[in-house]
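J.: I have a structure I would like to understand better, so I am pasting it below and will then ask my questions one at a time.
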Ligand code: HEM
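In the working numbering, the protein residues as written are 4 to 480.
Structure (structure tokens):
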């Protein structure tokens with residue numbers, strides 16, 4: 004335990020709340036200065052110094068990090084009614100409106116019910132082929148663009164290099180475009196991707212900034228954001244209008260969302276709600292999966308023995324043909340690799356709730372006064388030594404069914420848990436497995452030596468800058 008000062012632990016009276024320990028920070032400002040520092044390092048240090056329930060003050064905001072599976076279950080599942088999404092999500096609604104990620108209460112409940120069937124396992128079968136086809140086209144593009152080294156012996160200096168982070172962003176964007184609205188977002192609608200990047204970067208900065216200037220002020224950043232949001236709106240509104248005019252003949256998510264009705268079979272989404280949900284699915288669905296794949300390919304580059312085991316499974320299960328939905332069950336090690344990668348680099352590294360009424364959390368039953376923001380940091384949870392021995396080591400064997408069964412259920416929550424769990428969980432796992440299998444089956448990826456790759460915790464956990472890799476074609480199996 005650190006010698007650093009503790010907050011309000013020695014209650015002067017019986018009625019004063021017994022708050023969790025944490026860094027005192029500066030008078031009035033608390034730990035605000037930490038917002039401009041490395042968040043992952045700060046949170047990891049606090050958990051090390053103060054334990055698994057840490058209180059931080061950010062100006063007037065009281066923030067408690069919970070890092071014990073029991074508390075995560077309490078907040079997300081058992082007592083979830085007391086923990087709606089926190090106000091820190093408000094900047095996101097500037098882009099996503101009142102879609103599933105940002106809505107609350109009766110609207111969220113209605114929408115979740117309407118949309119759940121579109122993500123049903125049976126429905127996913129229809130998307131598997133599209134995902135594999137998108138990937139094949141994208142990889143053919145690598146061949147055409149001369150990005151592939153034909154022979155392992157050539158894979159030295161001078162052989163072509165790709166930024167695998169950028170490539171995975173493009174590929175998953177393509178998949179979301181095709182599965183959601185049957186259009187090629189990476190090609191024809193490139194401006195949509197650029198606008199989405201501007202808008203999400205703006206939201207990411209706004210989420211972290213304490214002083215939030217109104218978006219109508221004509222600052223250059225606000226103007227850029229408003230232009231980007233208008234471009235996004237225009238594309239989505241046009242697509243909805245085209246669909247309303249000619250609704251037949253599409254087997255995509257948009258079609259499912261348009262046809263979705265409530266239990267009485269009468270109520271459907273209006274155009275505005277549909278716009279918000281479509282934007283939400285594009286935003287929530289592509290960068291997360293892209294990050295998962297980028298980190299996985301980086302880790303495989305660092306761990307050739309794991310890569311060989313993975314490739315052996317693909318050869319055994321697929322024998323060189325393209326993967327299909329029916330193969331997913333046989334790709335057990337592929338799934339373990341993805342889980343271990345999302346343990347170390349969870350694409351959503353933090354999610355937050357707010358306590359409506361006073362509550363208690365932590366092994367010491369600390370008081371959590373109403374209005375406290377409660378954060379689950381998957382980065383620190385997934386590295387907690389008591390749950391994950393030798394936590395920094397990349398070891399897919401941690402995710403064999405036996406070892407999963409032996410761990411507390413809420414020790415690993417990359418998709419959150421409880422009623423607000425990721426609706427795209429099965430979609431994302433299927434996509435990640437099919438894409439990873441297609442890539443590793445065809446190429447061996449080598450990391451360009453000498454680069455430092457660091458995670459950048461914005462809304463999602465992406466790498467800071469490029470992840471440079473060389474693609475080496477495998478001999479046909
Ligand atoms: C590896 C990929 C993914 C990861 C790690 C991930 C993670 C998460 C997490 C942690 C949440 C909860 C956020 C919170 O409570 O604040 C969430 C919610 C959500 N995700 Fe995902 N996600 C992924 C892929 C996807 C995909 C592919 C889609 C859609 C196609 C999607 C759609 C959503 C939606 C709509 C929500 C809000 C659900 C609700 O509140 O009812 N996600 N995701």
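For every residue, glycine included, the Cβ atom is placed at its ideal position computed from N, Cα and C.
Give the single residue among 210, 240, 186 whose Cα lies nearest to the Cα of residue 255.
T.: The option with the nearest alpha carbon to residue 255 is 186.
J.: Check whether the stretch 191-208 and the stretch 310-321 touch, using three or more Cβ-Cβ pairs below 8 Å as the test.
T.: Contact fails: fewer than three Cβ-Cβ distances are below 8 Å.
J.: So, with DSSP's three-state summary, where would you put residue 57?
T.: Note: residue 57 maps to strand in three-state DSSP.
J.: My guess is that residue 481 and residue 100 are in contact by the Cβ rule of under 8 Å, so how many angstroms apart are they, rounded?
T.: Because the chain spans 4 through 480 in this model, residue 481 falls outside it and cannot be assessed.
J.: Would residue 473 be called buried (16 or more neighbouring beta carbons within 10 Å of its own) or exposed?
T.: Under this definition residue 473 is a buried residue.
J.: So residue 70 and residue 380 are supposed to be a Cβ contact under 8 Å. How far apart are they, rounded?
T.: The pair is a contact, with the Cβ atoms about 7 Å apart (cut-off 8 Å).
J.: Could you check the C-alpha separation between residue 63 and residue 449 for me, to the nearest Å?
T.: Straight-line Cα distance between these residues: approximately 48 Å.
J.: Cα separation between residue 452 and residue 82?
T.: Computed Cα separation, rounded: 48 Å.
J.: Looking at the unbroken alpha helix (DSSP H) that takes in residue 104, where does it start and where does it end?
T.: Looking at the DSSP string, residue 104 is not in any alpha helix (DSSP H), and its letter there is neither H nor E.
J.: Which residues share a DSSP beta bridge with residue 363?
T.: 370.
J.: Check whether the Cβ of residue 291 sits closer than 6 Å to any heavy atom of the ligand HEM, and report yes or no.
T.: Yes, since a heavy atom of the ligand HEM falls inside the 6 Å radius drawn around the Cβ of residue 291.
J.: In terms of residue numbering, what span does the beta strand (DSSP E) encompassing residue 450 cover?
T.: Note, residue 450: beta strand (DSSP E), 446-450.
J.: Can you name the start and end residues of the alpha helix (DSSP H) that residue 181 belongs to?
T.: Run containing residue 181: 167-184, per the alpha helix (DSSP H) assignment.
J.: If you count every other CB in all the chains shown that lies within 10 Å of the CB of residue 32, and 16 or more means buried, which is it?
T.: Exposed, by the Cβ-count rule.
J.: Hey, out of 168, 93, 47, 198, whose CA is closest to residue 355's CA?
T.: Nearest of 168, 93, 47, 198 to residue 355, Cα basis: 93.
J.: Starting from the C-beta of residue 390, find all residues in its chain whose C-beta is less than 6 Å away, skip the five residues before and the five after it, and write them out in chain order.
T.: Once the five neighbours on either side are set aside, the close Cβ partners of residue 390 are 414.
J.: Return yes when the Cβ of residue 288 is within less than 7 Å of the Cβ of residue 427, no when it is not.
T.: A contact, by the Cβ cut-off of 7 Å.
J.: Below 7 Å CB to CB, which residues in the same chain sit around residue 121 once its five sequence neighbours on both sides are set aside?
T.: The answer, listed in chain order, is 256, 259, 260, 263.
J.: Do the CB positions of residue 95 and residue 206 come within less than 7 Å of each other?
T.: In this structure, residue 206 lies closer than 7 Å to residue 95 by Cβ.
J.: Taking a contact to mean a Cβ-Cβ separation below 7 Å, would you say residue 470 touches residue 301 in this structure?
T.: Cβ distance < 7 Å, so residue 470 and residue 301 count as in contact.
J.: Hey, would you say the C-beta of residue 351 is under 6 Å away from at least one heavy atom of the ligand HEM?
T.: Yes, the beta carbon of residue 351 sits closer than 6 Å to at least one heavy atom of the ligand HEM.
J.: Quick check: what's the CA-CA separation for residue 52 versus residue 397?
T.: Each residue's Cα considered, the two are about 25 Å apart.
J.: Which residues in the same chain as residue 328 place their Cβ atom closer than 8 Å to its Cβ, once the five residues preceding and following it in sequence are excluded?
T.: So the list reads 127, 128, 131, 132, 433, once near-sequence residues are dropped.
J.: Cα-Cα, which of 371, 313, 249, 442 is closest to residue 399?
T.: Of 371, 313, 249, 442, the residue nearest in Cα terms is 313.
J.: Where do the ends of the alpha helix (DSSP H) carrying residue 279 lie?
T.: Residue 279 -> alpha helix (DSSP H) spans 274-305.
J.: Please state whether the Cβ-Cβ distance between residue 168 and residue 299 is less than 7 Å.
T.: No, they are not a contact pair.
J.: So does residue 423 have its beta carbon nearer than 6 Å to some heavy atom of the ligand HEM?
T.: Yes, Cβ of residue 423 sits closer than 6 Å to a heavy atom of the ligand HEM.
J.: Taking the beta carbon of residue 123 as the centre, do at least 16 other beta carbons fall within 10 Å, making it buried, or is it exposed?
T.: Residue 123 is exposed by the Cβ-count criterion.
J.: Expressed to the nearest angstrom, what Euclidean distance is found between the alpha-carbon atoms of residue 26 and residue 68?
T.: Spanning the two alpha carbons is a distance of roughly 12 Å.
J.: When the distance is taken between beta carbons, is residue 429 closer than 7 Å to residue 79?
T.: No, these two residues do not count as a Cβ contact at 7 Å.
J.: So, at 7 Å on beta carbons, what are the nonlocal neighbours of residue 283 in its own chain, with the 5 sequence-adjacent residues on each side left out?
T.: These residues qualify, in order along the chain: 99, 102, 103, 104.
J.: Is any non-hydrogen atom of the ligand HEM found closer than 6 Å to the C-beta of residue 451, if you look at the structure I gave you?
T.: Residue 451: no, Cβ never under 6 Å from the ligand HEM.
J.: My output table needs one value for residue 411: the three-state DSSP class, helix, strand or coil.
T.: Here residue 411 sits in coil by DSSP.
J.: Nearest-angstrom Cα distance between residue 221 and residue 460?
T.: Distance between the alpha carbons of residue 221 and residue 460 is about 28 Å.
J.: May I have the straight-line CA-CA distance separating residue 56 from residue 394, to the nearest angstrom?
T.: Roughly 19 Å between the two C-alpha positions.
J.: So which of 440, 338, 368, 77 has the shortest CA-CA distance to residue 139?
T.: When each option's Cα is compared against that of residue 139, the closest is 440.
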